[in-house]
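Worksheet: one structure, shown below.
In structure tokens:
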């Protein structure tokens, strides 16, 4: 079975577009006086994290690539490289993205990597570039295994994954309100993704989609953006540092401190590593479920409304 | 794309964006009032029952006392961050108080205080 197929590294080629789009969004905000906010150090941190993400891909990419090529050698299936196969691969990889992203919010081990994407209190195109450096260590590359075993070439799988990432760039903006109804119904849009970045109790653990919002509607995690409740961006407990190293590693540090504290059972240690973010053995912290429950206790009129049903 | 070209694009792009933002005045930090400090605290701790707010004269930080706890809310870029004061050390300098929070995600906060404020903050912190 051939392993000579190559596709361009589209994320690297998109870098000039990313820079130009950020400058265009900044100009739009300055000229129009609306459509988002920028802050110098926040943007710098986001951009450094984006650069670091590319660097970590260059340095650690061989691990995932080696794993994928191992699987490719195992599988007897080869779907070829036709346009239809690439399109199918794109759609199935987006389904893969949905689940990896959902795991990223529900399993602390994966959240430790993904959290830095949510660590800005701003929501602009630089936030899109605030990406993880530690994804390899989540081992979420295993979720791509079915695609390769089904006969999609690893190079194609990585290519469509790059396209998925590029698609998600433009939705990190407040400069676009709502897209036409049919787009909002099918595609992930700035409106849907603003919800995902909201730390409001209503918006926690919602809208995990990459490209197609239909996955959230299918799996029951879709919450629409409400005009009466603007997303409050950032983390449930926001960071007090712009230091990129601290931003990237803070949750890993917290996780290992929790796991290795004295006096815990094995089950409790497991809970700190693989339970939902906010798990604590003594109930002293809040998970998204308890945050929502406490919100409803304060605001019972919200029961049954989007995000609380 | 060659690694050299990628490096030039990334470094040049980041530098240009940051320089433009700074020149556009986007480096200013939030200045709080008592009300916005209170709102900043409640944004982080919505169940909290605030007893009093002591705002530093520059509006960049406030000491919050609640019915069960105390903490700091401080300006962080254009926004604010809040932490409960549980495990911390204090470094007193001539014009500032530096709180070492023993928190990897919020390591320290430097609060600018005049002499009167400093005495007030000290007495409130000692009473905790």
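Protein chains in written order, with the working numbering: chain A, 11 to 319; chain B, 1137 to 1264. Think of the CB as a built atom: it goes at the ideal place given N, C-alpha and C, for glycine as much as any other residue.
Exercise for the section: Note down the Cα distance separating residue 75 (chain A) from residue 47 (chain A), rounded to an integer number of angstroms. Expected result: Taking the first residue of the first chain as position 1, residue 75 (chain A) is located at position 65. Taking the first residue of the first chain as position 1, residue 47 (chain A) is located at position 37. Taking the straight line from one Cα to the other gives about 38 Å.
Practice task
Answer with buried or exposed for residue 123 (chain A), where buried requires no fewer than 16 other C-beta atoms within 10 angstroms of its C-beta.
Solution key: Taking the first chain and counting its residues from 1, one reaches residue 123 (chain A) at position 113. Classification of residue 123 (chain A): buried, given that the 10 Å Cβ count is 16 or more.
Exercise for the section: Pick out whichever of A:94, A:128, A:119 has its Cα sitting closest to the Cα of residue 145 (chain A). Expected result: Position 135 of the first chain holds residue 145 (chain A). Closest option to residue 145 (chain A), Cα to Cα, is A:119.
Problem - Nearest-angstrom Cα separation, counted from residue 302 (chain A) out to residue 318 (chain A) - result: On the first chain, position 308 is the one that residue 318 (chain A) refers to. On the first chain, position 292 is the one that residue 302 (chain A) refers to. About 7 Å.
Problem - Span separating the alpha-carbon of residue 308 (chain A) from that of residue 205 (chain A) - result: Within the first chain, residue 308 (chain A) is the residue found at index 298, counting from 1. Within the first chain, residue 205 (chain A) is the residue found at index 195, counting from 1. Going by the C-alpha atoms only, they are around 21 Å apart.
Exercise for the section: Check each candidate in A:31, A:117, A:150 and name the one with the smallest Cα separation from residue 103 (chain A). Expected result: Along the first chain, read from residue 1 onward, the residue named residue 103 (chain A) stands at position 93. Among A:31, A:117, A:150, the Cα nearest to that of residue 103 (chain A) belongs to A:150.
Handout entry: residue 1197 (chain B) vs residue 1221 (chain B) beta-carbon contact at 7 Å
Key = Residue numbering aside, residue 1197 (chain B) sits at position 61 when the second chain is read from its first letter. Residue numbering aside, residue 1221 (chain B) sits at position 85 when the second chain is read from its first letter. It is not a contact, given that the beta carbons lie outside the stated cut-off.
Handout entry: Any C-beta of chain B under 7 Å from that of residue 51 (chain A)
Key = Numbered from 1 along the first chain, position 41 holds the residue referred to as residue 51 (chain A). Chain B, which has a Cβ nearer than 7 Å to the Cβ of residue 51 (chain A), makes this yes.
Exercise for the section: Kindly indicate which three-state DSSP category residue 150 (chain A) falls into: helix, strand or coil? Expected result: Along the first chain, read from residue 1 onward, the residue named residue 150 (chain A) stands at position 140. DSSP places residue 150 (chain A) in helix when its eight states are reduced to three.
Handout entry: Through-space distance from residue 275 (chain A) to residue 1179 (chain B), alpha-carbon basis
Key = Taking the second chain and counting its residues from 1, the one referred to as residue 1179 (chain B) is at position 43. Taking the first chain and counting its residues from 1, the one referred to as residue 275 (chain A) is at position 265. Taking the straight line from one Cα to the other gives about 34 Å.
Practice task
Indicate the three-state DSSP secondary structure (helix, strand or coil) for residue 1217 (chain B) in the structure shown.
Solution key: Here residue 1217 (chain B) refers to the residue found at position 81 of the second chain. Strand.
Handout entry: Within 8 Å of chain B by C-beta, residues of the segment 284-307 of chain A in sequence order
Key = 304, 305
Exercise for the section: Would you mind working out which of A:15, A:25, A:121, A:100 sits nearest residue 284 (chain A), comparing C-alpha positions? Expected result: Counting from one through the first chain, the residue named residue 284 (chain A) turns up at place 274. Comparing Cα-Cα distances from residue 284 (chain A) to each of A:15, A:25, A:121, A:100, the minimum goes to A:121.
Exercise for the section: Could you list which residues in chain A have their beta carbon closer than 8 Å to that of residue 1219 (chain B), in chain order? Expected result: Taking the first residue of the second chain as position 1, residue 1219 (chain B) is located at position 83. What residue 1219 (chain B) touches in chain A: 250.
Problem - Neighbour flag for residue 271 (chain A) against chain B, beta carbons, 7 Å - result: Taking the first residue of the first chain as position 1, residue 271 (chain A) is located at position 261. No, its Cβ sits nowhere closer than 7 Å to a Cβ of chain B.
Exercise for the section: Compare the C-alpha of residue 1164 (chain B) against each of B:1195, B:1260, B:1173 and name the closest. Expected result: As a position in the second chain, residue 1164 (chain B) is number 28, starting the count at 1. Comparing Cα-Cα distances from residue 1164 (chain B) to each of B:1195, B:1260, B:1173, the minimum goes to B:1195.
Exercise for the section: Find the nearest neighbour of residue 251 (chain A) within the set B:1244, B:1184, B:1256, B:1214, judged by alpha-carbon distance. Expected result: The residue labelled residue 251 (chain A) in the question sits at position 241 within the first chain. Per the Cα distances, B:1244.
Problem - Contact list for residue 23 (chain A) against chain B, beta-carbon separation under 7 Å - result: For the purposes of this step, residue 23 (chain A) is identified with residue 13 of the first chain, where counting begins at 1. Neighbours of residue 23 (chain A) on chain B, chain order: 1137.
Practice task
Give the residues of chain A in contact with residue 1188 (chain B), contact being defined as C-beta atoms less than 8 Å apart.
Solution key: Stepping through the second chain from its first residue, residue 1188 (chain B) is reached at position 52. Simply none; closest approach about 22 Å.
Problem - Cut-off 8 Å between Cβ atoms - residues of its own chain near residue 1267 (chain B), not counting five sequence neighbours on either side - result: This structure gives no information on residue 1267 (chain B), because the portion of chain B shown stretches from 1137 to 1264.
Exercise for the section: Measure the CB-CB distance between residue 257 (chain A) and residue 129 (chain A) and report whether it falls below 7 Å. Expected result: Here residue 257 (chain A) refers to the residue found at position 247 when the first chain is read from its first residue. Here residue 129 (chain A) refers to the residue found at position 119 when the first chain is read from its first residue. In this structure, residue 257 (chain A) places its C-beta atom within 7 Å of the C-beta atom of residue 129 (chain A).
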